[in-house]
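>
Numbering (this note's numbering), first residue to last: 79 to 198.
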């Protein structure tokens, strides 16, 4: 079975492709497509973590940033919260840029409608 761990495993390749697809979907405003993509991947990652597997840190960081972007685009905090849960469940510490992006989502949520500045 494919995993989402480091190295050249097929799961890593598919996760990298997903992050790229999420970026494209969000760039052209296809929030519904982005939600479907991240929902499917979140289920796979959740299953992997529940079985004691690991998730590559760089790919998780990229996905967490996309989850923050999706949260901003959809006005639904569940994706940012999911990203934080994955970090907690895997025992990983998110990189500073991920923390800043997720914090921006939290700040925007507390202030009203989500509006984030471009982080790239």
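Quick reminder that beta carbons are idealized off the backbone N, C-alpha and C, glycines included.
Buried or exposed for residue 174, please, with buried defined as at least 16 other CB atoms from any protein chain shown within 10 angstroms of its CB.
Position 96 of the chain shown, counted from the first residue, corresponds to residue 174. Per the 10 Å Cβ criterion, exposed.
> Return the chain-ordered list of same chain residues with a C-beta closer than 7 angstroms to the C-beta of residue 99, the five sequence neighbours on each side being excluded.
Start at 1 with the first residue of the chain shown, and residue 99 comes out as number 21. 115.
> Roughly how many whole angstroms lie between the Cα atoms of residue 108 and residue 158?
Taking the chain shown and counting its residues from 1, the one referred to as residue 108 is at position 30. Taking the chain shown and counting its residues from 1, the one referred to as residue 158 is at position 80. Spanning the two alpha carbons is a distance of roughly 18 angstroms.
> Please classify residue 123 as buried or exposed, where buried requires at least 16 neighbouring CB atoms within 10 angstroms.
For this step, residue 123 is matched to residue 45 along the chain shown. So residue 123 counts as buried.
> Would you say residue 170 and residue 97 are within 8 angstroms of each other, going by their C-beta atoms?
Here the question's residue 170 lines up with position 92 in the chain shown. Here the question's residue 97 lines up with position 19 in the chain shown. In this structure, residue 97 does not lie closer than 8 angstroms to residue 170 by Cβ.
> For the stretch 117-178, list the alpha helix (DSSP H) runs that are entirely contained and at least 4 residues long, ordered along the chain.
Entirely contained in the stretch 117-178, the alpha helix (DSSP H) runs reaching 4 residues are, in chain order, 135-152, 156-168.
> Just the C-alpha distance for residue 156 and residue 141, rounded to the nearest angstrom, thanks.
As a position in the chain shown, residue 156 is number 78, starting the count at 1. As a position in the chain shown, residue 141 is number 63, starting the count at 1. Answer to the nearest angstrom: the Cα atoms are 14 angstroms apart.
> Using a Cβ-Cβ cutoff of less than 6 angstroms, which residues in the same chain neighbour residue 84 once the five nearest sequence positions on both sides are dropped?
For this step, residue 84 is matched to residue 6 along the chain shown. Note that residue 84 scores a pLDDT of 45, beneath 50, so its modelled location is shaky and nothing firm can be said.
> Report the rounded CA-to-CA distance for residue 150 versus residue 178, giving the unit in angstroms.
Counting from one through the chain shown, the residue named residue 150 turns up at place 72. Counting from one through the chain shown, the residue named residue 178 turns up at place 100. Taking the straight line joining both Cα atoms gives about 14 angstroms.
> Among 148, 132, 176, 146, which residue has its Cα nearest to the Cα of residue 168?
As a position in the chain shown, residue 168 is number 90, starting the count at 1. Checked all of 148, 132, 176, 146; the closest Cα to residue 168 is 132.
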